[in-house]
């Protein structure tokens with residue numbers, strides 16, 4: 068360290084390894100090589116052991132020296148962002164402490180390192196848009212250094228300040244994926260005098276999806292210093308399905324969530340006037356949201372997908388696929404969803420059966436057929452409610468961290484108790500002869516059910532609408548499940564698998580053997596946006612989480628409202644809705660079907 072700093076020695080017992088079962092111990096400090104010292108502090112154990120050593124199979128390695136000033140002709144992905152204007156700026160504060168009230172303060176492993184006051188996975192969601200430039204500023208108030216590693220995209224350091232040495236730099240003309248956030252200067256009681264500062268910019272190119280950033284001192288990462296980064300499409304679009312009236316066919320209107328302006332209209336089934344099912348997802352893998360539409364009752368079961376990319380016919384003007392997911396005589400409609408399920412790079416089209424046939428969910432492969440009328444190859448199918456014939460309602464998202472993959476959320480149709488179930492494809496095969504805590508893993512083409520609950524009690528049978536999204540993303544955790552009543556009071560409820568509302572994550576107190584055992588969901592919000600009317604729900608993503616879309620019927624016609632959510636107060640463990648305004652009024656007497664990302 069530089070001048071003005073002080074090394075603090077904490078008394079401890081050091082044992083000198085002399086090959087006996089009772090090595091000599093010294094209280095205080097000892098000058099000796101690390102290999103001769105044995106200790107366990109909750110994170111590290113010494114002496115260290117060599118686990119692997121790589122050497123040339125024969126001969127000696129060769130070193131090629133570069134000539135000073137020699138130009139390197141290899142590809143370099145670095146782009147100088149010094150003069151770029153960031154689309155979004157974030158400040159991330161590093162600190163630490165004993166966050167979990169269930170943990171022992173005497174156990175060094177109970178100490179958690181945190182971003183913005185919360186340990187993984189409960190720190191605020193970081194959700195950049197594809198092709199955007201963001202600037203992140205790390206402010207280190209913890210009494211240690213933290214090398215920050217960000218997966219997928221390199222970044223360019225804009226500012227580095229180490230108060231312990233006085234080193235202060237500006238923009239650096241090269242890209243990195245790992246750089247140290249310096250420690251602060253502190254008083255003896257660890258009050259921060261000056262924090263360590265690291266600021267950088269990055270452009271989110273090519274890859275949309277979920278990954279992590281974390282401290283590369285892995286004991287810090289494993290004790291909470293990690294965060295989710297979820298890159299979303301450059302434009303978040305959502306769909307409103309309008310039933311046909313007065314001889315006009317049903318249509319789907321697509322809106323830009325940024326300003327709620329309509330950007331396209333699609334008529335998926337000419338001459339058809341019933342309500343349809345809609346979903347948004349990137350099914351062609353171009354990083355742009357596409358539209359998926361499923362037919363309603365009194366129509367052969369049919370699914371059509373439209374390209375959101377601005378192709379020759381404009382956004383949502385080009386059909387990507389049109390096919391029948393079930394037999395032609397199953398004419399009571401289908402439901403649709405989209406998410407990455409099979410481990411490839413695009414979203415899978417997911418289709419649920421309508422009323423009148425045994426419950427079934429089909430997941431189609433991401434390779435789209437070359438000709439219309441042909442269905443994509445079937446990846447998997449399963450029966451969430453056995454032979455029940457009330458139909459299946461769908462949603463999809465990363466609603467828990469059982470596997471770290473997207474789950475399929477289901478509910479039965481009207482006439483059956485509304486039991487929400489959560490299914491996930493782990494895509495993992497167990498090691499031959501092995502098991503995990505006695506748990507049997509399903510085949511890779513079959514899902515495991517990870518949760519089930521009755522959001523409105525076992526007596527409610529009026530049918531529900533489902534959604535999934537990062538409501539109140541600043542509280543971290545996985546995506547929330549949103550459930551609304553289609554009848555009765557039209558109550559909307561939000562369920563969470565865990566977030567900062569619940570305090571410190573209990574996962575740090577559990578044996579790893581326990582981490583695969585399903586998921587539990589807790590109600591964190593409930594409200595009635597349209598008293599006396601049923602409600603349809605969906606979510607649409609923002610750079611910090613998601614907003615909720617709700618449609619319902621009023622005497623003035625059908626309305627679509629947008630909500631954000633926040634904690635009722637600093638200590639509350641539930642959320643309250645914050646109205647953001649009305650999206651669009653439409654003629655009609657019932658809620659319209661919605662879809663978002």
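Residue numbers (this note's numbering): 68 to 664.
Beta carbons: idealized from backbone N, C-alpha and C, even for Gly.
A quick note: this is a predicted structure, and the numbers were derived from the prediction, not measured.
Around the beta-carbon of residue 132, fewer than 16 other beta-carbon atoms lie within 10 Å, marking it exposed. Straight through space, the alpha carbons of residue 345 and residue 460 are spaced by roughly 11 angstroms. Fully contained in the region 506-592 are the following beta strand (DSSP E) runs of length 3 or more, in chain order: 515-520, 531-536, 547-552 and 559-563. Fully contained in the region 286-338 are the following beta strand (DSSP E) runs of length 3 or more, in chain order: 293-298, 304-309, 318-323 and 328-333. In the structure shown, residue 595 falls within a coil segment according to DSSP collapsed to helix, strand and coil. Put simply, the backbone Cα of residue 325 is about 33 angstroms away from that of residue 364.
Closest by C-alpha distance to residue 157, out of 267, 185 and 150, is 267.
The alpha-carbon separation between residue 513 and residue 475 amounts to approximately 12 angstroms.
Exposure of residue 381 is indicated by the presence of fewer than 16 other C-beta atoms within 10 angstroms of its C-beta.
In this structure, DSSP gives residue 117 a state outside helix and strand, which the three-state scheme calls coil.
Residue 369 and residue 596 have their C-alpha atoms roughly 32 angstroms apart. Along the region 368-423, the beta strand (DSSP E) occurs as fully enclosed runs of 3 or more residues at 370-374, 385-390, 402-406 and 415-419, listed in sequence order. When DSSP states are grouped into helix, strand and coil, residue 357 belongs to the strand group.
When secondary structure is reduced to three states using DSSP, residue 618 falls in the strand class. Note on geometry: alpha-carbon atoms of residue 219 and residue 311 lie some 45 angstroms from one another.
Collapsing the DSSP output to three states places residue 190 in coil. The residue among 483, 547 and 249 with its C-alpha nearest the C-alpha of residue 489 is 547. Proximity of the region 521-541 to the region 468-486 meets the contact definition, three or more beta-carbon pairs being nearer than 8 angstroms. No Cβ-Cβ contact shorter than 7 angstroms links residue 533 with residue 566. The C-beta distance from residue 647 to residue 631 rounds to 6 angstroms, short enough to fall under 8 angstroms. For residue 214, the uninterrupted beta strand (DSSP E) run begins and ends at 213-217, by DSSP. In this structure, residue 606 lies near residue 663, with their beta-carbon atoms less than 7 angstroms apart. With three or more CB-CB distances shorter than 8 angstroms, the region 402-416 counts as touching the region 427-443. Here residue 333 is buried, its C-beta having at least 16 other C-beta atoms within 10 Å. The Cβ atoms of residue 342 and residue 660 lie closer than 7 angstroms to each other.
For residue 629, the beta-bridge partners assigned by DSSP are 616 and 648. In the structure shown, residue 88 adopts coil according to DSSP, grouped into three states.
Under DSSP, residue 429 shares a beta bridge with 418 and 448.
Listed in chain order, the non-local C-beta contacts of residue 318 below 7 angstroms within the same chain comprise 309, 332, 333 and 334, local neighbours out to five positions each way being set aside. The beta carbons of residue 348 and residue 301 sit about 15 angstroms from each other, so the pair does not count as a contact at 8 angstroms.
Taking C-alpha positions only, residue 635 is separated from residue 492 by approximately 36 angstroms.
The Cβ atoms of residue 294 and residue 225 lie no closer than 7 angstroms to each other. No Cβ-Cβ contact shorter than 7 angstroms links residue 198 with residue 161. Taking the Cα positions, residue 320 is about 8 angstroms away from residue 330. The Cβ-Cβ distance between residue 614 and residue 638 does not fall below 7 angstroms. Under DSSP, residue 204 shares a beta bridge with 158 and 266.
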